[in-house]
Amino acid sequence: MMGSAEMQSDLWGQQPQDWVNLQEQTSAPLWNAMLSATEVGNGVRVLDAGCGTGGLSVLASEMGAEISGFDATQPFIDIAKERVPGGEFRTGDLEQLPYDDNGFDVVVAANSVQYAADPVSALAELKRVTKPGGCIAVGIWGRAENCQFRHILKAIAEAMPDPPKGGGPFALSEPGALEALLAKAEITANGRGEVACPFDYADIDAAWRSTASSGPLQGAMRAAGEEAIKSAVTNAAQQFVKDDGTVHIDNTMLYVAATV
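Per my numbering: the sequence shown = residues 4 to 263.
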């Protein structure tokens, strides 16, 4: 049986180039807000926990930060290493970070903690590796009603023979929910923000390829078949096609910041 990191790597690592070329940059407004909230700058030691293909790490590096990146997916890490040559990148489980106590000034986790097998343990690890007085920022999806992508997620769930239970990507998006989870890891939040993160694609095909590059979509295709899931995604996305054929989907992401 695969562990949490192996399973996530298997799902997320299927189409890494589509992820980095089509989807990753849709989170850039969230990354910028998180880096601003944690005052990342020259010489700051930053851990990008769940770094993916390194988009946030690139931004932090351009600000002069010293970058360490961590992710479950080896193909993503390979790309991140190429993009941030001065960074140090590793793979594994968020619940077992391979770093010493108090090693980082800032730890950021953008849309990663919710994929951990044990999110509270993952958050406790983020705290452990952050130095006293350092900052943690955790970013997730905003509330469902503020994310038009919910319509596509609903179509995907309806196409699956056994739709996933629970709140999905919006499980922690209600006011106070993420703060409560942080509190279970003995982290006290002291800041919260919401950021517009629209998904813009050149056409329906790009929207499909981008969506299909994510781990949850790979899991859905294994459960229901690629044809059924592709049909669900492309049909649901038609309502967001503009006159010029491009696709624009409005979404909101949120983050919570804390000082350790």
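Virtual Cβ for every residue (Gly too), placed ideally from N, Cα, C.
Pair within 9 Å by beta-carbon distance, residue i and residue j
| i | j | result |
| --- | --- | --- |
| V109 | V198 | no |
| S3 | L25 | Residue coverage of the chain in this structure runs from 4 to 263, which leaves residue 3 outside it and unanswerable. |
| G89 | D74 | no |
| A260 | G194 | yes |
| W144 | N254 | yes |
| F202 | I252 | yes |
Within-9 Å CB hit, residue i to chain B
| i | result |
| --- | --- |
| L100 | Here chain B cannot be found, since the structure has a single protein chain. |
Residue interval of the beta strand (DSSP E) (run including residue i)
| i | result |
| --- | --- |
| E91 | E91 to T94 |
| T133 | T133 to W144 |
| V198 | A192 to A199 |
Distance, residue j Cα to residue i Cα
| i | j | result |
| --- | --- | --- |
| Y204 | T237 | 12 Å |
| V132 | V141 | 15 Å |
| A125 | I155 | 28 Å |
| Q77 | G248 | 34 Å |
| G196 | L33 | 9 Å |
Close Cβ partners of residue i (< 6 Å) along its chain, the five nearest in sequence each way excluded
| i | result |
| --- | --- |
| G58 | E27 |
| A158 | A235 and A239 |
| E91 | S71 |
| V123 | K187 and A188 |
| A147 | R153 and F173 |
| A231 | A162 |
Nearest to residue i (by Cα), restricted to the options the options
| i | options | result |
| --- | --- | --- |
| E189 | R48, E91, T262 and R86 | T262 |
| A52 | F79, P172, E85 and V250 | F79 |
| A209 | K233, A192 and M224 | K233 |
| D226 | D165, W22, L181 and C150 | With the sequence shown as reference, residue 226 is identified as Ala, and Asp is not the correct amino acid for it. Among D165, W22, L181 and C150, the Cα nearest to that of A226 is on D165. |
| G72 | L33, S39, L129 and S30 | L129 |
| E85 | A160, L257 and V61 | V61 |
| I139 | R48, A31, A83 and Q242 | R48 |
| T29 | Y258, S213, E229 and Q221 | S213 |
| E161 | P101, A147 and M224 | M224 |
| N114 | Q242, L175, L220 and Y102 | L175 |
| G218 | Y118, G179 and A31 | Y118 |
| V87 | L100, P178, A63 and M256 | A63 |
| L184 | G136, A127 and K134 | A127 |
| D104 | E182, Q20, E230 and G137 | G137 |
| D81 | G106, V23 and D246 | V23 |
| P178 | G95, M37 and M256 | M256 |
| W211 | C200, A192 and Q241 | Q241 |
| C200 | A31, D21 and G171 | A31 |
Residues near residue i in its chain [Cβ-Cβ closer than 7 Å; skip 5 each side]
| i | result |
| --- | --- |
| V244 | I207 and V250 |
| A40 | A140, G194, G196, Y258 and A260 |
| C150 | W144, N254 and T255 |
| E182 | A192 and V259 |
| P101 | R93 and G95 |
8 Å CB neighbourhood of residue i in its chain, flanking five on each side removed
| i | result |
| --- | --- |
| N45 | M66, G67 and A68 |
| A83 | C54, G55, T56, G57, S60, G72, D74, G90 and F92 |
Bounding residues of the alpha helix (DSSP H) (the contiguous stretch that carries residue i)
| i | result |
| --- | --- |
| S60 | G58 to E65 |
| I80 | Q77 to R86 |
| E27 | Taken as a continuous stretch (DSSP letters only), E27 belongs to no alpha helix (DSSP H), as it is neither H nor E. |
| E182 | A180 to K187 |
| L33 | A31 to A40 |
Proximity test, residue i beta-carbon vs the ligand ADP heavy atom, cut-off 8 Å
| i | result |
| --- | --- |
| R48 | Although the ligand ADP was asked about, the structure shown includes no ligands whatsoever. |
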